[in-house]
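Note sheet for the following structure.
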Amino acid sequence: MELQPVAATVKTPAERFTGDVYMTPICSGTGPSRMSVALVRFTPGARTNWHSHAVGQTLHVTEGAGLVGTRDGTVLRIRAGDTVICPPGEEHWHGAATDTFMSHLAMLEAKADGGDPTTWLEPLPDEQYTAANRH
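The following block contains the structure:
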């Protein structure tokens, strides 16, 4: 057993997110575990770019309300206590609703070779985000 100190919170890179998003690393697995977990906090209207994960991703909402969207146009409204499973390779985005903060735990595994499992893509257009918030 090992107690780890709280890691510093960092602002996420603007080339991968729209709006202000902050991330606090919780754990980064060391062999044999490949699991990483981070607490991600989205300000109202903030969201990720489109992206996918080689081994999938689990999102557990800890506070507020937000959205998760997929390329086929599906949009899920998510609230504190909800858990969303994003399968391997599924292109998706997630973020806060327009009028509230949203925080979630993002849980994912590195690739078997230890490589970065996330493929970052283009930003979600404002029009698409606005339409998603109307549902």
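My numbering runs 405 ahead of the 1-based position in the sequence shown.
Positions of the beta carbon are idealized from the N, C-alpha and C atoms, including for glycine.
Remember, it's a predicted structure, so these values are computed and weren't measured experimentally.
Suppose contacts are defined by Cβ-Cβ distances below 7 Å. Is residue i in contact with residue j by that definition?
i, j, result
"A537", "L472", "yes"
"M507", "G478", "no"
"G461", "P493", "yes"
"F422", "T453", "yes"
"A443", "P430", "yes"
Alpha carbon to alpha carbon, how far is residue i from residue j?
i, j, result
"A501", "P410", "28 Å"
"I483", "P437", "32 Å"
"G474", "T448", "17 Å"
"Q533", "W525", "18 Å"
"V480", "H465", "16 Å"
"D425", "E407", "32 Å"
"S433", "D531", "32 Å"
"W455", "S441", "20 Å"
"M428", "H509", "10 Å"
"A413", "A459", "26 Å"
"E527", "W498", "10 Å"
If I follow the unbroken alpha helix (DSSP H) through residue i, where does it start and stop?
i, result
"T535", "D531 to R539"
Can you round the beta-carbon distance between residue i and residue j to whole angstroms, since I take them to be within the 8 Å contact cut?
i, j, result
"L529", "P522", "Contact doesn't hold; Cβ gap of about 20 Å is too wide."
Need the endpoints of the beta strand (DSSP E) that residue i sits in, please.
i, result
"M406", "Premise fails: M406 is in no beta strand (DSSP E) and is neither H nor E."
Residue ranges of each alpha helix (DSSP H) within the segment 458-508, 4 or longer
If we require 4 residues or more, the segment 458-508 turns out to have no alpha helix (DSSP H) run fully inside it.
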